[in-house]
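Heads up: the structure comes next, in structure tokens.
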Amino acid sequence: MVEKFKNLLKKYLSIDIDGMVLGSVEDSNVYQKYGIAAAAATVVALFSLLLMAFLIATGEVELDDVKTRKIVDIVMPERDPELIDSVERPDEAEPEPDQVPPEVDIEQVDDVLDDSLNLNFKFKAKRQGVFADGSYVPIFQVPPQYPRRAAERGIEGCVLLEYTVTPAGAVSEPTVINAIPKGLFDRAATRAALRYKYKPLIRDGVPVAVEGVRQRITFVLEGEGKGPGYIPENCRGMM
16 MVEKFKNLLK
26 KYLSIDIDGM
36 VLGSVEDSNV
46 YQKYGIAAAA
56 ATVVALFSLL
66 LMAFLIATGE
76 VELDDVKTRK
86 IVDIVMPERD
96 PELIDSVERP
106 DEAEPEPDQV
116 PPEVDIEQVD
126 DVLDDSLNLN
136 FKFKAKRQGV
146 FADGSYVPIF
156 QVPPQYPRRA
166 AERGIEGCVL
176 LEYTVTPAGA
186 VSEPTVINAI
196 PKGLFDRAAT
206 RAALRYKYKP
216 LIRDGVPVAV
226 EGVRQRITFV
236 LEGEGKGPGY
246 IPENCRGMM
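Under my numbering, read the sequence shown as residues 16 to 254, first letter to last.
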């Protein structure tokens, strides 16, 4: 029956029934493939859209979090400057009274020693006719430094100085008149004399300078028989 129907269609309508059937079958396979591809593409597209929407939503949340964060401002409290109380000035110290050098007896022997050299010094001043009693002596004396070279060699000696006593009682311009031995004790004697102090000479109520004052400074090492007034043999002829 089918074959007869096909033949009739072919005869009157010139239609290839087998071709149509086969064509429709092939077309259905093609449509099926395209449908599957379209469905897969749709699924991928939807998944991509969902993923993008999720990422965008997550980014917005993070941005919102960042925007809502606020750094707390630290404000230092204002402090009033501290006022320093005025400092009381200490009372001014009273000026110390002028120190007057002690009176020194010219006949007294100064037993001042240099510990490093273990020495003994004696001082004798030649008395000039300045006062009526013929004496003008220092009221303050400083023992000289015994030269090391002389001490090591056991040399004794003396120096005769001449200088001017100023109106203030100080020694000025000392000059060596004689020295035994020559040049060994000159410097030590001159330095010591510059530190001497005299009682100023008053004339008509005014202190005056005294020129030509002489004094002998003796350098003596310690030893037996060298008591007060001892003068080395080499100095006994010195005026």
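Built from N, CA and C at the ideal position, the CB exists for glycine as well. Everything numeric in this text was worked out from a predicted model, so none of it was measured.
Secondary structure at residue 50: helix, using DSSP grouped into helix, strand and coil. DSSP places residue 167 in the uninterrupted alpha helix (DSSP H) bounded by 163-168. Per DSSP, the continuous beta strand (DSSP E) segment holding residue 233 begins and ends at 225-235.
Within the DSSP secondary-structure output, residue 249 pairs in no beta bridge. Taking 7 angstroms as the cut-off, the Cβ atoms of residue 171 and residue 243 do not count as close. Put simply, of 194, 189, 195 and 216 the residue whose alpha carbon is nearest the alpha carbon of residue 210 is 189.
In the three-state reduction of the DSSP assignment, residue 155 falls in the strand class. Annotation for residue 190: the continuous beta strand (DSSP E) segment containing it runs 186-195.
Contact annotation: the region 192-201 does not touch the region 217-228, with fewer than three C-beta pairs closer than 8 angstroms.
Cα atoms of residue 196 and residue 173: separation of roughly 8 angstroms, rounded to the nearest angstrom.
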